[in-house]
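What follows is a single structure, written as structure tokens, with notes after it.
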Amino acid sequence: MMKGIRPRQRITQTDWAGYLARRADHAQDDMLARFFQARLPAPDTPIADVPMVALDMETTGLDERRHAIVSIGLVHFTLARIPLATRRYWVVKPPRPLEESSVAYHHITHSEVDHAPDLDLILEALLEELAGRLVVVHFRNIERPFLDAAVKARRGEGVLFPMIDTMSLEARLHRQTLWARFRRWLGRPPVSIRLDASRQRYGLPSYQGHHALVDALATAELFQAQVAHHYSPETPLERFWC
Amino acid sequence: MDVELWEIRQHMGQFPPFDGLSDELLDALAEGVEVRYFKTGTDILVLNDTIDELCYIRSGAVEVYRRRGELYNRLVEGDIFGHFSLLRNHRVRFPATAIEDTLIYFISDAMFQRLCEEDDDFADFVELERPRLESAAELQKKSNDMMVTRIRKLVSRYPVMVESTMSVQEAALQVGNAQASAVLVIDEGSDNPRYSFKDSEGKSWQMCGILTDSDFRNRVVAKGLSPQTPVGEVISHALITIQSDASIYEAMLTMLRNNVHHLPVLYRQRPVGVVHLSDIIRYETHSGLYLVSNIFNQSSAYGLARLSADVRAAFVRMVQEGANSVMLGSALSTIGRSFTRRLLELAEAELGPPPVPYCFMVNGSMARNEQSIVTDQDNALILSDDFDPDTHDDYFKALAAYVSDGLDACGYTYCKGDIMATNPRWRQPLKVWKEYFEEWIANPTPEKLLHSSIFFDLDSVYGESHFVETLQDLIATRAPQAPLFLAAMARNALNRTPPLGFFRTFVMEKDGKHNNSINLKRRGTAPMVDLIRVHALACGSKAQNSFRRLEDINHTQLLASGVSDKLSYAFEFLCMSRLRHQMIDLEEERTPDNNIEPENVEDSERHTLKDAFQVLSNAQKFLKFRYPVPSQR
Numbered sequence: 016m017m018k019g020i021r022p023r024q025r026i027t028q029t030d031w032a033g034y035l036a037r038r039a040d041h042a043q044d045d046m047l048a049r050f051f052q053a054r055l056p057a058p059d060t061p062i063a064d065v066p067m068v069a070l071d072m073e074t075t076g077l078d079e080r081r082h083a084i085v086s087i088g089l090v091h092f093t094l095a096r097i098p099l100a101t102r103r104y105w106v107v108k109p110p111r112p113l114e115e116s117s118v119a120y121h122h123i124t125h126s127e128v129d130h131a132p133d134l135d136l137i138l139e140a141l142l143e144e145l146a147g148r149l150v151v152v153h154f155r156n157i158e159r160p161f162l163d164a165a166v167k168a169r170r171g172e173g174v175l176f177p178m179i180d181t182m183s184l185e186a187r188l189h190r191q192t193l194w195a196r197f198r199r200w201l202g203r204p205p206v207s208i209r210l211d212a213s214r215q216r217y218g219l220p221s222y223q224g225h226h227a228l229v230d231a232l233a234t235a236e237l238f239q240a241q242v243a244h245h246y247s248p249e250t251p252l253e254r255f256w257c
Numbered sequence: 002m003d004v005e006l007w008e009i010r011q012h013m014g015q016f017p018p019f020d021g022l023s024d025e026l027l028d029a030l031a032e033g034v035e036v037r038y039f040k041t042g043t044d045i046l047v048l049n050d051t052i053d054e055l056c057y058i059r060s061g062a063v064e065v066y067r068r069r070g071e072l073y074n075r076l077v078e079g080d081i082f083g084h085f086s087l088l089r090n091h092r093v094r095f096p097a098t099a100i101e102d103t104l105i106y107f108i109s110d111a112m113f114q115r116l117c118e119e120d121d122d123f124a125d126f127v128e129l130e131r132p133r134l135e136s137a138a139e140l141q142k143k144s145n146d147m148m149v150t151r152i153r154k155l156v157s158r159y160p161v162m163v164e165s166t167m168s169v170q171e172a173a174l175q176v177g178n179a180q181a182s183a184v185l186v187i188d189e190g191s192d193n194p195r196y197s198f199k200d201s202e203g204k205s206w207q208m209c210g211i212l213t214d215s216d217f218r219n220r221v222v223a224k225g226l227s228p229q230t231p232v233g234e235v236i237s238h239a240l241i242t243i244q245s246d247a248s249i250y251e252a253m254l255t256m257l258r259n260n261v262h263h264l265p266v267l268y269r270q271r272p273v274g275v276v277h278l279s280d281i282i283r284y285e286t287h288s289g290l291y292l293v294s295n296i297f298n299q300s301s302a303y304g305l306a307r308l309s310a311d312v313r314a315a316f317v318r319m320v321q322e323g324a325n326s327v328m329l330g331s332a333l334s335t336i337g338r339s340f341t342r343r344l345l346e347l348a349e350a351e352l353g354p355p356p357v358p359y360c361f362m363v364n365g366s367m368a369r370n371e372q373s374i375v376t377d378q379d380n381a382l383i384l385s386d387d388f389d390p391d392t393h394d395d396y397f398k399a400l401a402a403y404v405s406d407g408l409d410a411c412g413y414t415y416c417k418g419d420i421m422a423t424n425p426r427w428r429q430p431l432k433v434w435k436e437y438f439e440e441w442i443a444n445p446t447p448e449k450l451l452h453s454s455i456f457f458d459l460d461s462v463y464g465e466s467h468f469v470e471t472l473q474d475l476i477a478t479r480a481p482q483a484p485l486f487l488a489a490m491a492r493n494a495l496n497r498t499p500p501l502g503f504f505r506t507f508v509m510e511k512d513g514k515h516n517n518s519i520n521l522k523r524r525g526t527a528p529m530v531d532l533i534r535v536h537a538l539a540c541g542s543k544a545q546n547s548f549r550r551l552e553d554i555n556h557t558q559l560l561a562s563g564v565s566d567k568l569s570y571a572f573e574f575l576c577m578s579r580l581r582h583q584m585i586d587l588e589e590e591r592t593p594d595n596n597i598e599p600e601n602v603e604d605s606e607r608h609t610l611k612d613a614f615q616v617l618s619n620a621q622k623f624l625k626f627r628y629p630v631p632s633q634r
């Protein structure tokens with residue numbers, strides 16, 4: 016885990032199908048009900064046939080209880096193609112004012128944020144883009160709790176769904192192997208599983224980081240690369256999501 | 002523009018053919034891109050699959066194959082592929098495989114067609130080979146002012162004209178009054194159709210000569226002639242003129258070749274002005290002209306040798322000013338010829354007049370007017386048939402040594418193959434030379450011709466030029482009827498082959514191997530020259546310059562239509578690349594050579610060079626097929 020991140024309850028639903036079905040039936044909010052009624056592919060679907068959406072958020076900090084979402088970027092994709100025409104990008108106004116330090120970090124200015132809508136206004140459009148697609152993120156412990164908290168604050172109920180986390184796929188490969196233990200035993204620093212470092216291992220180019228849309232695209236490319244190297248197009252979806 | 006598109010747009014905008022797109026088209030292009038990752042070893046395009054997207058390499062490397070599995074190209078970041086099939090039947094013609102982990106941007110067929118329609122340069126780029134070479138060659142031409150500006154632009158006033166019966170004193174007065182530096186001398190009549198014209202009253206005149214400032218000095222005053230001598234008696238009758246629509250460059254060359262400083266300019270047969278050397282120099286300050294006149298002013302071989310730095314400087318300037326390969330080749334050859342000629346003059350001054358007439362023959366690049374700055378000397382002596390070795394050879398041996406040593410001192414190094422007049426074998430009377438050529442043509446073997454093919458580029462620089470013309474006639478008559486000879490020449494022309502192209506900082510060979518540099522003469526211009534020579538011999542062309550030879554070839558059915566144009570564009574580009582890299586060597590104070598290092602090759606040059614190599618390679622294949630070894634009877 017990254018330094019400075021508060022240990023939290025692991026959200027690992029073993030039975031995503033049951034959870035999603037329950038939410039589809041019982042969601043109070045119309046919008047959320049529609050979102051959950053759009054069915055995800057079955058767990059045994061080959062990954063090549065799964066429609067996906069790469070998602071990235073920039074936040075004012077790492078704690079969803081104190082910090083807020085500033086921007087959201089996404090792009091639809093499959094193993095075969097990432098069509099840039101499907102990209103979406105929103106800047107949203109956090110309920111709490113933006114700190115100076117995070118301004119530099121995100122390349123998003125105060126005036127951009129001041130004129131941005133509240134998340135609630137774009138929530139419907141966002142969920143429409145996600146519905147029926149498997150969400151792919153790099154480090155799910157940002158996107159998942161922040162979105163859940165933000166929706167809960169506005170609509171009274173949260174939103175959780177299975178995700179593919181390219182960072183945890185990298186961790187499986189580099190942090191949980193015999194080789195990784197050997198490195199640790201030698202006192203070598205662990206292999207970096209941050210987005211850019213991970214991409215480099217697959218020969219992917221460096222992008223200017225910290226823009227939600229660029230990182231979403233970068234994540235989609237990384238997932239294609241991970242499957243190409245370590246899995247196959249026939250690998251079932253359940254091997255990836257969590 | 003979105004930031005993430007900015008990344009994509011920025012990347013594509015650096016590479017041809019996208020670097021020339023308008024911002025609007027580039028935005029639209031980036032907008033529609035689809036991305037996919039390919040692991041090393043994965044097929045990207047499979048033979049005969051349907052293709053409806055252009056592929057752009059964002060990162061990684063890709064190999065493209067021919068149908069039979071032969072390597073066609075190896076591509077890297079910024080390269081495109083698939084366009085060939087998109088322009089035809091949308092079936093993959095050249096399969097492609099990722100040879101490194103690769104990120105591909107796919108561009109839809111609709112977008113591709115739009116780019117072709119809205120951007121001519123893009124369309125030219127994706128059309129294979131010819132148009133790109135053509136446009137590269139044309140661009141060079143366009144950028145070169147001297148080549149297109151007509152000489153009439155430098156004519157500012159009518160020439161002073163006097164009748165041949167006028168006294169030199171009166172003529173001198175008229176020249177002085179008009180503040181001119183030469184008069185044209187005319188007389189009534191029309192027996193010389195080349196220079197006959199009618200004046201405004203319908204009267205027939207013809208130009209019979211020119212009298213310049215220096216002529217007044219050298220031909221009149223120095224000889225002590227009376228001021229009353231009619232001008233017609235002192236003029237030189239060897240009149241060198243130029244047409245008003247010729248280029249400034251042609252005028253410059255005419256002056257260089259004939260070593261004259263004044264040129265009457267004619268519109269059809271009528272004189273419309275006189276151009277002086279200084280007019281051209283004023284127009285084009287950095288020309289080789291000063292250099293050439295300087296060469297002829299040197300009184301020793303030592304003085305000549307000191308000029309080689311000037312030759313290099315003139316060369317660098319000409320390349321920088323956008324001269325094309327024909328200009329550079331003939332300018333450098335003219336300079337080389339001038340050195341040779343001046344050395345022969347100096348040798349004769351030292352050794353005395355020759356005992357029998359002779360012709361000093363040059364071979365190879367100087368004969369073809371295709372010299373570069375890195376060149377050795379290839380020459381020979383054709384002596385009169387009256388030559389008697391016992392009494393005359395000492396003279397010619399000394400003459401040859403004087404010229405050869407002098408040329409070496411001037412930067413034209415000794416020929417490693419000993420093709421020099423100092424070699425007794427190449428210092429022979431005309432009849433022996435005829436026997437040489439007859440033997441080469443009648444009883445050829447590739448081995449025998451290997452070292453003598455250079456003699457099939459031949460020209461005279463000094464002395465009895467008709468000796469060389471006799472040999473040129475002999476070759477043009479015999480060669481087309483000698484299939485065995487042509488087959489042997491063709492076989493030798495295939496000894497050196499071009500590489501496939503470039504891959505990052507390497508030269509890529511057809512077998513996929515890499516090299517750090519490429520000798521562009523051995524792998525490009527020389528095989529091209531060899532190839533063109535074989536066709537030229539087959540069609541009885543007497544031209545020596547490769548471009549002139551291609552023109553002659555084009556008048557025959559030897560090559561499919563359009564092929565000689567392609568060869569000409571490819572040759573021009575190979576020559577220019579080689580010359581440009583020699584210029585870079587000189588500028589960076591390295592010894593210029595024929596090697597180019599891939600890291601110094603710009604993107605667009607890479608693409609065009611690859612096309613040129615391809616044209617050469619195809620032409621070589623055809624050569625083998627066109628001139629087979631005839632079956633033995």
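In order, the protein sequence lines correspond to chains A and B. FYI, the numbering for the first sequence is 16 to 257, going by this note's numbering. FYI, the numbering for the second sequence is 2 to 634, going by this note's numbering. Built from N, CA and C at the ideal position, the CB exists for glycine as well.
Look at residue i and residue j and say whether their C-beta atoms are less than 8 angstroms apart.
| i | j | result |
| --- | --- | --- |
| D102(B) | A240(A) | yes |
| P499(B) | M509(B) | no |
| A239(B) | L212(B) | no |
| A165(A) | L134(A) | yes |
| G456(B) | C360(B) | As written in the sequence, residue 456(B) is Phe, which differs from the Gly given in the question. No, they are not a contact pair. |
| V169(B) | V235(B) | yes |
| A232(A) | V90(A) | It should be pointed out that residue 232(A) corresponds to Leu in this sequence rather than to Ala. Yes. Within cutoff. |
| S326(B) | E573(B) | yes |
Would you please state the rounded distance, in angstroms, between the beta carbons of residue i and residue j? I believe it to be under 8 angstroms.
| i | j | result |
| --- | --- | --- |
| M72(A) | F161(A) | 6 angstroms |
| L329(B) | V320(B) | 7 angstroms |
| F51(A) | L35(A) | 6 angstroms |
| Y66(B) | P17(B) | Contact doesn't hold; Cβ gap of about 23 angstroms is too wide. |
| Y104(A) | A227(A) | 7 angstroms |
| I105(B) | R59(B) | 7 angstroms |
| C576(B) | T506(B) | Wrong, their Cβ atoms sit about 24 angstroms apart, outside the cutoff. |
The alpha helix (DSSP H) that contains residue i, what's its start and end?
| i | result |
| --- | --- |
| E639(B) | There is simply no residue 639(B) to check, as chain B begins at 2 and stops at 634 in what is shown. |
| K167(A) | 155-170 |
| H467(B) | 466-479 |
| A491(B) | 484-494 |
Going along chain B in order, which residues have a C-beta closer than 7 angstroms to the C-beta of residue i?
| i | result |
| --- | --- |
| P98(A) | E35 |
| H244(A) | K40 |
If I follow the unbroken beta strand (DSSP E) through residue i, where does it start and stop?
| i | result |
| --- | --- |
| R54(A) | Where R54(A) is concerned, there is no enclosing beta strand (DSSP E), given that its DSSP letter is neither H nor E. |
| W434(B) | Unbroken run through W434(B) is the alpha helix (DSSP H), 431-443; no beta strand (DSSP E). |
| G33(A) | Counting along the chain, G33(A) falls outside any beta strand (DSSP E), though it belongs to the alpha helix (DSSP H) covering 31-41. |
| I58(B) | 54-60 |
| Q207(B) | 205-213 |
| N364(B) | 359-364 |
| Y106(B) | 103-109 |
| E189(B) | 183-189 |
Against residue i, what residues of chain B qualify as contacts under a CB-to-CB distance less than 8 angstroms, listed in chain order?
| i | result |
| --- | --- |
| A95(A) | R37 |
| A240(A) | Y38, K40, D102 |
| V206(A) | Those do not exist, as V206(A) stays about 17 angstroms from chain B at its closest Cβ, beyond 8 angstroms. |
Chain A partners of residue i, CB-CB under 7 angstroms?
| i | result |
| --- | --- |
| L104(B) | L219, P220, E236 |
| E32(B) | L99, A100 |
List the residues of chain A that residue i touches, going by C-beta distances under 9 angstroms, in chain order.
| i | result |
| --- | --- |
| R115(B) | Chain A residues near R115(B): none, gap ~15 angstroms exceeds 9 angstroms. |
Which residues in chain D have a C-beta closer than 7 angstroms to the C-beta of residue i? List them in chain order.
| i | result |
| --- | --- |
| E101(B) | The structure shown contains no chain D; its protein chains are A and B. |
Mind checking the stretch 52-73 of chain B against chain A and listing, in chain order, the residues whose C-beta falls within less than 7 angstroms of any C-beta there?
The stretch 52-73 of chain B vs chain A, Cβ under 7 angstroms: R59, S60, G61.
Taking a cut of 9 angstroms between CB atoms, which residues from the stretch 147-169 of chain A lie near chain B?
Using a CB distance below 9 angstroms, no part of the stretch 147-169 of chain A faces chain B.
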